[in-house]
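K.L.:
Before I ask anything, let me first share the structure, which is written out below as structure tokens.
Set out below in structure tokens:
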């Protein structure tokens with residue numbers, strides 16, 4: 002079976018993060034729509050809706066009224082190669098050229114140490130049901146990967162289903178070929194962890210720059226989309242979250258990603274770029 006579990010995210014670590022204040026415990030009011038988002042913008046895949054959240058990443062800096070930037074060690078507890086890795090704020094930047102882009106870099110700050118980055122809307126914006134789309138470039142996989150995912154504070158109860166919340170991975174670009182993992186994790190990260198994973202074909206994923214990754218989420222169905230095409234459909238009610246989830250954009254250094262991060266170029270070729278993110282309901 003393809004390994005898509007984030008082994009670092011054990012129950013003890015999650016509890017420590019919550020206790021430390023790294024994650025907010027309550028949702029704030031809905032974050033605003035970016036004024037730079039075209040008024041006519043509608044999902045590339047999925048029903049028309051009302052835009053409730055967006056960021057076009059214009060300007061010269063990340064809008065911290067919308068985003069948290071994480072500073073956190075993420076080394077897997079079972080990693081055997083001696084490498085350590087972090088999310089570092091220094092690796093997150095906004096590039097104002099060409100209408101604006103978020104960039105999350107890969108860096109090697111010291112021997113046997115690597116850093117990616119993560120931004121999320123925890124405590125700022127979350128939602129239940131709707132269409133999320135992200136126009137993103139994920140770098141070629143070499144022991145690191147770009148990810149777009151949803152998370153919630155409501156999960157962790159051992160209910161045998163994702164209905165009380167899940168980690169929903171729209172994309173984890175862990176493969177050298179043009180494919181990626183679309184995965185639902187539920188029942189926590191401990192011994193009771195379960196997942197429903199599918200590796201989907203993604204033509205041109207690494208040959209062209211930007212692609213639109215999406216999720217159409219209703220009470221009865223979740224459709225994972227790639228450039229307007231549905232690549233995975235979930236209708237099992239036990240796999241569909243019924244609670245609020247918040248978006249995450251991250252660049253990960255994981256031991257199960259194909260390739261060797263020590264050979265990855267530490268320049269634009271190993272950077273994850275995001276053109277925009279939009280949520281409709």
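Numbering (our numbering), first residue to last: 2 to 282.
We put the CB at the ideal spot given by N, CA and C, even for glycine.
How about residue 253 and residue 146: are their beta carbons less than 8 Å apart?
P.N.:
Working through the chain shown from its first residue, we reach residue 253 at position 252. Working through the chain shown from its first residue, we reach residue 146 at position 145. Yes, the pair counts as a contact, with Cβ atoms nearer than the cut-off.
K.L.:
What did DSSP end up calling residue 238 once you bin it into helix, strand or coil?
P.N.:
Position 237 of the chain shown holds residue 238. Residue state, collapsed to three classes: helix.
K.L.:
Is residue 45 near residue 205, with beta carbons less than 8 Å apart?
P.N.:
What you label residue 45 is simply residue 44 of the chain shown in a count that begins at 1. What you label residue 205 is simply residue 204 of the chain shown in a count that begins at 1. Not a contact, by the Cβ cut-off of 8 Å.
K.L.:
Closest to residue 33 by C-alpha separation, out of 103, 122 and 89, would be which residue?
P.N.:
Within the chain shown, residue 33 is the residue found at index 32, counting from 1. Among 103, 122 and 89, the Cα nearest to that of residue 33 is on 122.
K.L.:
Counting only runs that start and end within the segment 28-106, where is the alpha helix (DSSP H) found for 4 or more residues in a row?
P.N.:
Entirely contained in the segment 28-106, not one alpha helix (DSSP H) run reaches 4 residues.
K.L.:
How far does the beta strand (DSSP E) with residue 164 in it reach, from first residue to last?
P.N.:
Residue 164 sits at position 163 when you count from the first residue of the chain shown. Careful: residue 164 lies outside any beta strand (DSSP E) and carries neither H nor E.
K.L.:
How do the segment 98-111 and the segment 49-65 stand: do at least 3 beta-carbon pairs fall below 8 Å, yes or no?
P.N.:
They touch, by the three-pair rule.
K.L.:
Whole angstroms are fine: how far does the CA of residue 116 sit from the CA of residue 211?
P.N.:
Here the question's residue 211 lines up with position 210 in the chain shown. Here the question's residue 116 lines up with position 115 in the chain shown. Roughly 23 Å between the two C-alpha positions.
K.L.:
How long is the line joining the alpha carbons of residue 202 and residue 270, rounded to whole angstroms?
P.N.:
Taking the chain shown and counting its residues from 1, one reaches residue 202 at position 201. Taking the chain shown and counting its residues from 1, one reaches residue 270 at position 269. Taking the straight line joining both Cα atoms gives about 22 Å.
K.L.:
Runs of 3 residues minimum, wholly inside the segment 183-241: which ones carry the beta strand (DSSP E) assignment?
P.N.:
Whole beta strand (DSSP E) segments, 3+ residues: 195-202, 212-218, 223-227 and 230-235.
K.L.:
Check for me: the beta strand (DSSP E) holding residue 276 runs from which residue to which?
P.N.:
As a first step, residue 276 must be located in the chain shown, where it is residue number 275. Residues 273-281.
K.L.:
Whose C-alpha, out of 63, 142, 89 and 281, is nearest the C-alpha of residue 208?
P.N.:
One-based indexing of the chain shown puts residue 208 at position 207. When only C-alpha atoms are compared, the closest one is 142.
K.L.:
So who's on the other strand from residue 153, going by DSSP bridges?
P.N.:
On the chain shown, residue 153 is found 152 positions in, with the first residue counted as 1. Bridge partners of residue 153: none, in fact.
K.L.:
In the structure shown, what three-state DSSP assignment does residue 122 receive?
P.N.:
Sequence index remark: in the chain shown, residue 122 carries index 121 (1-based). Coil at residue 122, not helix or strand.
K.L.:
From this set, 127, 41, 171 and 159, which residue's C-alpha is nearest residue 226's C-alpha?
P.N.:
The count along the chain shown starts at 1 and reaches residue 226 at position 225. Of the listed residues, the one whose Cα sits closest to residue 226 is 171.
K.L.:
How about residue 107 and residue 213: are their beta carbons less than 8 Å apart?
P.N.:
To locate residue 107, count along the chain shown from 1; it is residue 106. To locate residue 213, count along the chain shown from 1; it is residue 212. No.
K.L.:
Per DSSP, which residues does residue 138 bridge with? Please list them.
P.N.:
Translated into the one-based positions of the chain shown, residue 138 becomes position 137. Paired residue(s): 274.
K.L.:
Between the C-alpha atoms of residue 85 and residue 49, what's the straight-line distance to the nearest angstrom?
P.N.:
Taking the first residue of the chain shown as position 1, residue 85 is located at position 84. Taking the first residue of the chain shown as position 1, residue 49 is located at position 48. Straight-line Cα distance between these residues: approximately 44 Å.
K.L.:
Quick check on the burial criterion: 16 or more other C-beta atoms within 10 angstroms. Buried or exposed for residue 278?
P.N.:
What you label residue 278 is simply residue 277 of the chain shown in a count that begins at 1. When all chains shown are included, residue 278 counts as buried.
K.L.:
Of the choices 131, 135, 196 and 174, whose alpha-carbon is the least far from that of residue 163?
P.N.:
Taking the chain shown and counting its residues from 1, the one referred to as residue 163 is at position 162. Checking every option, the nearest Cα to that of residue 163 belongs to 196.
K.L.:
Counting C-beta neighbours from all protein chains within 10 Å, is the total for residue 188 16 or more, i.e. buried, or is it exposed?
P.N.:
In the chain shown, the residue the question calls residue 188 occupies position 187. Buried is the call here.
K.L.:
Taking the alpha-carbon positions, what's the residue 275 to residue 174 distance?
P.N.:
Taking the chain shown and counting its residues from 1, the one referred to as residue 275 is at position 274. Taking the chain shown and counting its residues from 1, the one referred to as residue 174 is at position 173. Residue 275 and residue 174: Cα-Cα distance of roughly 14 Å.
K.L.:
Do you know how far the Cα of residue 244 is from the Cα of residue 231?
P.N.:
For the purposes of this step, residue 231 is taken as residue 230 along the chain shown, with counting starting at 1. For the purposes of this step, residue 244 is taken as residue 243 along the chain shown, with counting starting at 1. Taking the straight line from one Cα to the other gives about 23 Å.
K.L.:
Could you tell me the alpha carbon to alpha carbon distance between residue 136 and residue 111, rounded to whole angstroms?
P.N.:
Within the chain shown, the letter at position 135 stands for residue 136. Within the chain shown, the letter at position 110 stands for residue 111. Their Cα atoms are separated by approximately 32 Å.
K.L.:
Report the residue from 176, 63, 78 and 65 whose alpha carbon sits nearest the alpha carbon of residue 199.
P.N.:
Mapped onto the chain shown, residue 199 falls at position 198. Nearest C-alpha to residue 199: 176.
K.L.:
Could you give the DSSP three-state label for residue 132: helix, strand or coil?
P.N.:
Locating residue 132 in the chain shown gives position 131, counting from the first residue. If DSSP states are grouped into helix, strand and coil, residue 132 belongs with the strands.
K.L.:
Pull up the DSSP beta-bridge partners for residue 180, would you.
P.N.:
Translated into positions along the chain shown, residue 180 becomes position 179. 202, per the DSSP bridge assignment.
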